[in-house]
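Residue numbers (the working numbering), protein chains in the order written: chain A, 17 to 348; chain B, 3 to 423; chain C, 281 to 572.
A virtual CB, placed ideally from N, CA and C, is assigned to each residue, including glycine.
Keep in mind it's a predicted model, so treat the numbers as computed, not measured.
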Amino acid sequence: MNKYTILFLAIVLVILFLLPLVAGEYLLHMIVLVLLYAYLATAWNILGGYAGQHSLGHGVFLGIGAYVSTFLFIQWGITPWLGMWAGGAVSALVGWFIGYVCFRYGLKGPYFALVTIALAEAFVYLTSNVDVIGGAKGLEVTWLGHRPDMMEFDGKAGYYYIILVMTILGVIVTRWLYQRRSGYQWIAVRENEDAAEALGVDTLRAKIEATVLSALMTAIGGTFYAQYFTYIGPRSVFGEGPSIQILLFAIIGGLGTLWGPVVGAIVLVPIAELARAKLGGSFGGAHLLLYGTVMVLVMLFMPKGIVGLAQNVYARLTRRRPDSAQSAKEVV
Amino acid sequence: MKKLFTILPLLVIVALLATQCTPPAPAAAPTQPPAAATKPPAAPAATTVRIGGLWPLTGDLAKLGEETKQGMELAVDEINAAGGLKGLGGAKIEIVWADTQGKPDTGISEVERLAQQEKVVAIIGAYQSGVTTPATQAAERLKVPFVVAMAVSDKITERGFKYTFRTCPKASWYAKDQVTFAKDLKDLVGLTIKKVALLHEDTDFGESTAAGQKKYLAEAGMEVTIEVKYPASAADLTTEVSKVKATNPDAVMTVTYLNDAILIAQAREALKMTNIPFIDAAGGTVDPEFIKRLGPIAEGWLTMIEYTKYAVGAKDLNDRFLKRYKVDITGNGAYAYQTAWILADALNRAGKADRDAVRDALAKTNYTKDTGTLVLPTDKIYFDEQGQNPNAPLFVVQVQKGELIPVWPGKYAAVKVQIGK
Amino acid sequence: MFFSLDLLAQALVTGILIGGVFALLSVGLTLIWGVMRIINFAHGEFLMVGMYIVYFLVTKGGWDPYVTLLVSVPALFVVGAAIFRLTIQPILAHPSMNQIMLTLGLSLILQNLALVVFRADPLIVQTAYSRVTFNLGPAVVRVPQLIAFGGSGLAAMLLYWFLQKTDAGRAIRAASQNREAAVLMGVDVQRTYLLAFGIGSACLGVAASLMVPFYYTSPTVGLWFGQVAFIVVILGGMGNFMGALVGGQIIGLTEAFGAAILPGTLSRVFTFAIFILVLLFRPQGLFGGGKK
Chain A
17 MNKYTILFLA
27 IVLVILFLLP
37 LVAGEYLLHM
47 IVLVLLYAYL
57 ATAWNILGGY
67 AGQHSLGHGV
77 FLGIGAYVST
87 FLFIQWGITP
97 WLGMWAGGAV
107 SALVGWFIGY
117 VCFRYGLKGP
127 YFALVTIALA
137 EAFVYLTSNV
147 DVIGGAKGLE
157 VTWLGHRPDM
167 MEFDGKAGYY
177 YIILVMTILG
187 VIVTRWLYQR
197 RSGYQWIAVR
207 ENEDAAEALG
217 VDTLRAKIEA
227 TVLSALMTAI
237 GGTFYAQYFT
247 YIGPRSVFGE
257 GPSIQILLFA
267 IIGGLGTLWG
277 PVVGAIVLVP
287 IAELARAKLG
297 GSFGGAHLLL
307 YGTVMVLVML
317 FMPKGIVGLA
327 QNVYARLTRR
337 RPDSAQSAKE
347 VV
Chain B
3 MKKLFTILPL
13 LVIVALLATQ
23 CTPPAPAAAP
33 TQPPAAATKP
43 PAAPAATTVR
53 IGGLWPLTGD
63 LAKLGEETKQ
73 GMELAVDEIN
83 AAGGLKGLGG
93 AKIEIVWADT
103 QGKPDTGISE
113 VERLAQQEKV
123 VAIIGAYQSG
133 VTTPATQAAE
143 RLKVPFVVAM
153 AVSDKITERG
163 FKYTFRTCPK
173 ASWYAKDQVT
183 FAKDLKDLVG
193 LTIKKVALLH
203 EDTDFGESTA
213 AGQKKYLAEA
223 GMEVTIEVKY
233 PASAADLTTE
243 VSKVKATNPD
253 AVMTVTYLND
263 AILIAQAREA
273 LKMTNIPFID
283 AAGGTVDPEF
293 IKRLGPIAEG
303 WLTMIEYTKY
313 AVGAKDLNDR
323 FLKRYKVDIT
333 GNGAYAYQTA
343 WILADALNRA
353 GKADRDAVRD
363 ALAKTNYTKD
373 TGTLVLPTDK
383 IYFDEQGQNP
393 NAPLFVVQVQ
403 KGELIPVWPG
413 KYAAVKVQIG
423 K
Chain C
281 MFFSLDLLAQ
291 ALVTGILIGG
301 VFALLSVGLT
311 LIWGVMRIIN
321 FAHGEFLMVG
331 MYIVYFLVTK
341 GGWDPYVTLL
351 VSVPALFVVG
361 AAIFRLTIQP
371 ILAHPSMNQI
381 MLTLGLSLIL
391 QNLALVVFRA
401 DPLIVQTAYS
411 RVTFNLGPAV
421 VRVPQLIAFG
431 GSGLAAMLLY
441 WFLQKTDAGR
451 AIRAASQNRE
461 AAVLMGVDVQ
471 RTYLLAFGIG
481 SACLGVAASL
491 MVPFYYTSPT
501 VGLWFGQVAF
511 IVVILGGMGN
521 FMGALVGGQI
531 IGLTEAFGAA
541 ILPGTLSRVF
551 TFAIFILVLL
561 FRPQGLFGGG
571 KK
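Set out below in structure tokens:
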């Protein structure tokens, strides 16, 4: 990372931190959404992009995080600041279990993806039928007024800072992880699992590790989701829908790149939200239509996503061939 | 990297300081967001006041959402035609419609949109309890008055909210009356009900009404043979109705929306249960569509309703509604209609299109025939400390000859109830 | 829990009837999957498109739902083939995850296009025989469901005949068993794929016409049925025709009995559990054979 990049990032950060002082509520709301999805996509990217195991069921982790912290909040008044770690722990455990069972039985690629979708959907029906966690009605996060200690704020600024910090940390953690041995192992597994195995990489452990970390991060995002929207239902967080939304930005932004998920969210979410706001009442679903169209176009014409494309272009411009080891180290 | 670590703590401190400043309470005057966002509509001219109409305009309950929309529309048009809001210099009311699509998530984001972007001064909505509960919470956070014209879950006015008001009855009141009616069947037609099965949709509406049903049935010494829940969007309910039949109940109490009510009625016919009274708690069965789609199968169906044209003085509203929309008005429409009038009255008393002023005016509502058009069979509408209107009467109606006719309570009964075919 | 023989008998009848429809939904998918190894996540949405076509023919054109077969089948064939040609064929050689993402994108597009154009209202068709039922012992049989069952069986038999006895059908089977050998034998593989995808989609056209008399049409109707098709295909074995038929029955019965015995929609958890277990322990399905 050269000093120009650092300077650029620093400036961006300053602007982001000072934004609530000048921005209106609606703009802040938009940015919160961008950051939330950037965060969730970054979390997904650990398993899907780096380790190459495409989970189509991350809603499971999102939902666990949301439901656990909310349940603790509603039943026993436990602050989500603590609840989110409980949610994260449960989610990590579930992630471990899923990872172990799936990878131990050699599920790969599309088959793993199918299992994850089935799990996500199964969780929807499970939660819909268990009354103590709200059943089909879902759970309402009790509004106590402006209570930062309970992660509830008047106005958007409070939420904004939380998700901003979360996203920054998410990116930092991801970068740190893949500069360590875990990162190299994941990429090795993704590129050629058999070769990695032959070279002595414990692929099972590497994959489970990625699953657990991804699950933990996503779950914490789930707590934020619950606090921000103050309502969660089985289909809001579990299920195929949310699961696909999470990975959408990672794919479009660029699978397995550091900034891909963030870029994907920055590019798509505002367009989609504006579409929904403007066409809203009469064109419900317009934003999903947009997402779907972009997905198809990206898969057809730039499967490496926006960042992937940018990397290719950059490499071509500087007349260097993008080789895997090099781009693994590159930030942008 | 080093630079980041020095800047970050500074930024964190700035951030913490910033959160301590709560943003100004949103008033009707817009705070312009930077140009990057869409431009909000021009600050409303003094001659228009915008209110939000939050209903399921599409989706499974679109038909019912339409009823409420029409009720609200009719009232606002009448108010505007009569000179608008006198307390605001004759300002006209403009309704901004928002579609919940029948989903809580959408309801919440629509409340945000109505409040932040459309800058409405108050919202009327939202039909489904499952949507209204979170939507009113969102409105509470944004400090926008929300008058619930139709959504019955008890909890909605039991949360100590200041900005939520409700004109329509609570779920437990329906349940109570259903049970009282079941008891009265002994005197009316000589039918003794001892065992009751509960069959209801699984969101807030169904759940809270069922909770009330269980409570009042227990008090009346009647047994609940089974409680069967189903998702309102189910495609077929034969299995559910079979489960009910297998327990041999004397009566079945249902809580339904429209499509599921139709499926239940069809299953009831197919499974030959037409001798057992099915008593519904309003919802979908009061919609004329119910009778239209089922035709002769609908005959004999019993349901609770909040409004009937057979009540004294009610025919007038029905005629106006019928003339414009070509169908009879239902409880949903009538309450939406009445609520719009109540909101207009509050606006007049507030004297300005300010959310807090309107909220305070709503809390002081004392609405009688002298205040304005009053179509519900009660003398006065007001809101208690929880925002609930205690004077919301209920009737039991039965489908006879293709029409919903009141059969209970005695003072409103237009015909005698018929059980069994 | 309260069991009664009547209830279980009803579940048996419902399960078998709906199982037939599930089978029909799945034979198309298993064909496509077996031949091209493509996992088409938009399968359910094709059904939805078919159902809208049928719905409008019935309500605006006054057609009888079963007559719409004449239109729905070719229409779905064309839609399927077109979508295949434009979006899927170009990336046949790409990693399977890209193909999955693409079809996921397609499903989002179709669902939300329908939502935007037709809105979310569930549309029901009423015909003269929609409500006709007769009793089979203690169980009630709804005629439209019975017709759907029969129609599905007929369609399945036709498809089987086609695959066994016609050149095109044999080419499809050849391509699915061994692509290289098929090419060597002079089979135009690209065209065969197109045909297979078209036929797989056309099966959904049949299903659409059969289902509209007793099921509602809405933009999201493809969600659950798409998932069911996947479950049946995995259960029966990808590319395995008989597997789809048997799998359809198994899932139909699981659903029906589950709904009778368990509260609410809990039965679906079991259906997904079966799916996951099969994927873990017998990914080639009950009738084995398909390569992983």
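- Excluding five sequence positions before and after residue 393 (chain B), the CB atoms of its chain that fall closer than 7 Å to its own CB belong to 380, 382 and 383, given in chain order.
- Under the 9 Å criterion on CB atoms, residue 422 (chain C) is classed as interfacial with respect to chain B.
- Within its own chain, the residues whose Cβ lies closer than 8 Å to the Cβ of residue 207 (chain B), once the five positions on either side in sequence are excluded, are 130, 131, 132, 153, 154, 155, 173, 257, 259 and 285, listed in chain order.
- In this structure, the beta-carbon distance from residue 148 (chain B) to residue 166 (chain B) falls below 9 Å.
- If you draw a straight line from the Cα of residue 231 (chain A) to the Cα of residue 402 (chain B), it is about 58 Å long.
- Residue 309 (chain A) and residue 310 (chain C) have their C-alpha atoms some 26 Å from each other.
- In this structure, residue 76 (chain A) keeps its C-beta atom at 9 Å or more from the C-beta atom of residue 252 (chain A).
- Straight-line measurement puts the Cα of residue 92 (chain B) at about 6 Å from the Cα of residue 85 (chain B).
- In the DSSP assignment, residue 147 (chain A) falls outside any beta strand (DSSP E), carrying neither H nor E.
- Among the CB atoms of chain B, none fall inside 9 Å of the CB of residue 507 (chain C).
- Among the CB atoms of chain C, none fall inside 9 Å of the CB of residue 187 (chain B).
- One alpha carbon belongs to residue 330 (chain B), the other to residue 184 (chain B), and they sit about 27 Å apart.
- Around the beta-carbon of residue 460 (chain C), fewer than 16 other beta-carbon atoms lie within 10 Å, marking it exposed.
- In the three-state scheme derived from DSSP, where H, G and I count as helix and E and B as strand, residue 408 (chain B) is classed as strand.
- When DSSP states are grouped into helix, strand and coil, residue 139 (chain B) belongs to the helix group.
- Around residue 266 (chain B), no beta-carbon contact reaches into chain A at under 8 Å, the shortest distance being about 18 Å.
- With respect to the 9 Å criterion, residue 333 (chain B) and residue 398 (chain B) are not classified as neighbours on the basis of their beta carbons.
- For residue 292 (chain A), a Cβ of chain B is located within less than 9 Å of the residue's own Cβ.
- Classified as buried, residue 69 (chain A) has 16 or more neighbouring CB atoms from the shown chains inside 10 Å of its CB.
- Taking all protein chains shown into account, residue 368 (chain B) has fewer than 16 neighbouring C-beta atoms within 10 Å of its C-beta and is therefore exposed.
- Of the residues assessed, residue 62 (chain A) falls on the buried side of the cut-off, its CB having 16 or more other CB atoms within 10 angstroms.
- Here the C-alpha atom of residue 164 (chain A) lies approximately 11 Å from the C-alpha atom of residue 243 (chain A).
- Between residue 248 (chain B) and residue 447 (chain C), the gap from beta carbon to beta carbon reaches 9 Å or more.
- Between residue 245 (chain A) and residue 110 (chain B), the gap from beta carbon to beta carbon is short of 9 Å.
- Look at the stretch 299-323 of chain A: the residues with a C-beta under 7 Å from a C-beta of chain C are 299, 300, 301, 302, 304, 305, 307, 308, 309, 311, 312, 315, 316 and 319.
- The stretch 268-287 of chain A makes contact with the stretch 39-57 of chain A, as at least three CB pairs between them are under 8 Å.
- For the stretch 367-382 of chain C, the residues whose beta carbon sits under 7 Å from a beta carbon of chain A are, in order, 367, 370, 371, 374, 376, 377, 378, 380, 381 and 382.
- Residue environment analysis places residue 354 (chain C) among the exposed positions, since fewer than 16 neighbouring C-beta atoms fall within 10 angstroms of its C-beta.
- For residue 94 (chain B), the three-state secondary structure derived from DSSP is strand.
- Closer than 7 Å at the C-beta level to chain B, one finds these residues of the stretch 148-168 of chain A: 151, 152, 153, 154, 156, 159, 162 and 164.
- Taking CB atoms only, residue 252 (chain B) has no neighbour in chain C less than 9 Å away.
- Contact between residue 487 (chain C) and residue 327 (chain C) holds: their C-beta atoms lie close to 6 Å from each other, under 8 Å.
- When Cβ-Cβ separations below 9 Å define contact, residue 247 (chain A) makes contact with chain B.
- The Cβ atoms of residue 527 (chain C) and residue 546 (chain C) do not sit closer than 9 Å to each other.
- DSSP places residue 306 (chain B) inside the beta strand (DSSP E), whose first and last residues are 304-307.
- Linking residue 220 (chain B) to residue 182 (chain B) through their CA atoms gives a straight-line distance of about 12 Å.
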